[in-house]
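Report on the structure given below.
Chains as they are written, first to last, in my numbering: chain S, 5 to 409; chain E, 13 to 261.
In structure tokens, the structure reads:
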């Protein structure tokens, strides 16, 4: 019997009981749809991280105070006081370094007129817009002079501007308060949008790091120094030279651990990617369970179908069907169930992913790989769970089968 | 006349639990082409077992069975399936039509299991021909549940004829039918036997149904106890004409 014929017979048999066929397929549809959606979400997050790293610049290096790997009493990142502005000045002299910006952050209640808002205050340096490739849309970033004098000037993120002054309002020259300190608005950053983890990057303000240190927090250290290497290919070499220089500056003996951490964007990306991958694997695993349940549903229905159609099987055998023909017929029925379910599931997964992107702004990305794998998995599920019922049908004795009531 | 069926010292023994059941204890029989053989006997006489072996659904424990001079008693399951497909046309008591499938699709079914597949159009034409042969050409697109019992059995007969089999093997074909319909169905068998020269083997426990044949073989306890030609054969055509309301179903 030709393969086309077998598929025709399978379609005919399945269309004889449409509701049951649809319900059985539903298991596969949900399973495959869930897998596709989860993988799309995972891939989307991955892509977002990639593009964010691209936009942040692959040549970015972060130097943080303290060391996770150190022994003894350990405090959270940023609590350590080992990095000082002078370190930043020294880093600027290291070979391969292009831009340097120390960071000293805080939070504060912001008040302008009768509106107020709470946002992160990032103390940074004049090189920040260059490092992050992030220009201002109004006014200008603060100047070296402002940093040197710890001036009370502020550059607003777009969200903060919207909250305190209203959208499209030009706040340049206006005075606002952060905590109890009056600041003059000198610029507004361009809209940057969400980060890969869904954080609003525009919900922040920028002030000179020296202002945060001296006027707001009254400390002598910085939390972080952001560095931009001149060449993307020499990023890790530059990072190594910074580390070596800092060990000398901090007078760390050979064998003692660093009191700082130097990480390149690649390393940061790798950690975040790993987290995303773990999440994707976990979610896909859960989705896979529903695929398994769908497969068991197919097996269940095929077993019922074989019992119900015992006389039909007996008749087919009496008129010349071999065991192999009967086996193929039922196997193909199971595979058609799972494949059609799989195709609809892929469509459902696609729709769901698009929906999530449109509705929740979650980044999703459906790769051809995921579709092929889901399709293959659906087919394999059909074969695996269809084989036992099909073999049971093929092994029937035609005489017994014809007598079956 | 050539010999279609030739059976020599056919023995079939089942083991049910620990008990041996001797269903056939040495059966010898020959059927010539064009005969209308009726096989009768009470239940447990071995006539069903005989039918299964003749129909190549089962193999004998010992003895030989030649179908068209070919020894089929030692064939493999797949070979037997091919023999059933090409040489035997089954008609069952319960019709065994596929539900929710048109009459013509039911009739075409044996063609799907042929070694040499036919094109769709050729299959259709052949199915239409045999449906017309049993007088159902106008019901080709009806589903079994839209047909009367007699019509369903005629679809089943058409299905049995489509491969031009050597024998038409009918197992209690009138068991589910009323008297008048039974006569009609037997009329079709007689017609096919007389006009087309088709060899018919009819299994029945009803003696009056057996009398539509040309020869009656009686089974008892796994043996042939009587084998005689029918002297006063019943003719369905005449009986139908004599019925008060004579018409097709």
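Glycine residues also receive a C-beta, built at the ideal position from the N, C-alpha and C atoms.
(request) Give every residue of the same chain whose Cβ lies closer than 6 Å to the Cβ of residue 310 of chain S, excluding the five residues on either side of it in the sequence, and list them in chain order. (result) 393, 396 and 397
(request) Output, in chain order, the set of chain S residues within a Cβ distance shorter than 7 Å of residue 64 of chain E. (result) 403
(request) From the DSSP output, in three-state form, read off residue 185 of chain S for me. (result) strand
(request) May I ask you to list the residues that DSSP assigns as paired with residue 149 of chain S? (result) Residue 149 of chain S pairs with nothing; no bridge assigned.
(request) Just the C-alpha distance for residue 169 of chain E and residue 148 of chain E, rounded to the nearest angstrom, thanks. (result) 11 Å
(request) Measure the C-alpha to C-alpha separation of residue 55 of chain E and residue 183 of chain E and round it to an integer number of angstroms. (result) 13 Å
(message) Applying the 10 Å Cβ sphere with the 16-neighbour rule, what's the burial state of residue 28 of chain S?
(response) buried
(request) State the DSSP-derived secondary structure class of residue 65 of chain S, mapped to helix, strand or coil. (result) strand
(request) Could you please give me the residues that DSSP links to residue 210 of chain S through a beta bridge? (result) S/126 and S/159
(request) Name the residue from S/125, S/204 and S/146 whose alpha carbon lies nearest to the alpha carbon of residue 133 of chain S. (result) S/146
(request) Check each candidate in S/135, S/188 and S/165 and name the one with the smallest Cα separation from residue 156 of chain S. (result) S/188
(message) Let me confirm a value: residue 214 of chain S is counted as buried when at least 16 other C-beta atoms fall within 10 Å, else exposed. Which label applies?
(response) buried
(request) Determine the closest residue to residue 222 of chain E out of E/95, E/58, E/153 and E/52, with distance taken between C-alpha atoms. (result) E/52
(message) Does chain E have any CB closer than 9 Å to the CB of residue 6 of chain S?
(response) yes
(request) Using a Cβ cut-off of 9 Å, pull out every chain S residue sitting near residue 89 of chain E, in sequence order please. (result) 326 and 327
(request) Give the DSSP-derived three-state secondary structure of residue 266 of chain S in the structure shown. (result) strand
(request) Indicate the three-state DSSP secondary structure (helix, strand or coil) for residue 176 of chain S in the structure shown. (result) coil
(request) Enumerate in chain order the residues of its own chain whose CB-to-CB distance from residue 230 of chain E is below 6 Å, with the five nearest sequence positions on each side excluded. (result) 52, 53, 237 and 238
(request) May I ask which residues mark the beginning and end of the alpha helix (DSSP H) holding residue 199 of chain E? (result) 191-207
(request) Using a Cβ cut-off of 9 Å (strictly closer), state whether residue 337 of chain S contacts chain E. (result) no
(request) Verify whether the separation of the beta carbon atoms of residue 68 of chain S and residue 193 of chain S is less than 9 Å. (result) no
(request) State the Cα-Cα distance for the pair residue 31 of chain S and residue 92 of chain S, rounded to the nearest angstrom. (result) 59 Å
(request) Closer than 7 Å, Cβ to Cβ, to anything on chain S: give me those residues from the stretch 218-232 of chain E, in chain order. (result) none
(message) Quick test of your reading: residue 383 of chain S and residue 314 of chain S, contact by CB under 8 Å. State the CB separation rounded to the nearest angstrom.
(response) Their Cβ separation, rounded to whole angstroms, is 27 Å, which puts residue 383 of chain S and residue 314 of chain S out of contact at 8 Å.
(message) Among the candidates E/77, E/27, E/60 and E/36, whose CA atom is the shortest distance from the CA of residue 17 of chain E?
(response) E/77
(request) For chain S, find out if any of its Cβ atoms is closer than 9 Å to the Cβ of residue 188 of chain E; answer yes or no. (result) no
(request) Show which residues of chain B have a CB atom less than 8 Å away from the CB atom of residue 81 of chain E. (result) Looking for chain B here will not work: the only protein chains present are S and E.
(message) Starting from residue 240 of chain E, trace the alpha helix (DSSP H) in both directions and tell me its first and last residue.
(response) No alpha helix (DSSP H) holds residue 240 of chain E; the beta strand (DSSP E) holding it covers 235-241.
(request) Can you tell me which of the three DSSP states residue 125 of chain E falls into? (result) coil
(message) Taking the beta carbon of residue 171 of chain E as the centre, do at least 16 other beta carbons fall within 10 Å, making it buried, or is it exposed?
(response) buried
(message) DSSP three-state label for residue 4 of chain S, please.
(response) The displayed coordinates of chain S run from 5 to 409. Any statement about residue 4 of chain S would go beyond what the structure contains.
(request) Could you check if residue 151 of chain E is buried or exposed, using at least 16 other CB atoms within 10 Å of its CB as the buried criterion? (result) buried
(message) So if I threshold CB-CB distances at 7 Å, which residues from the stretch 303-317 of chain S count as touching chain E?
(response) 315 and 316
(request) Please work out which residues of its chain come closer than 6 Å, Cβ to Cβ, to residue 239 of chain S, disregarding the five sequence neighbours upstream and downstream, and give them in chain order. (result) 63, 233 and 268
(message) Please list, in chain order, the chain E residues whose beta carbon lies closer than 7 Å to that of residue 319 of chain S.
(response) 108
(message) Taking only three categories from DSSP, how would you classify residue 47 of chain E?
(response) coil
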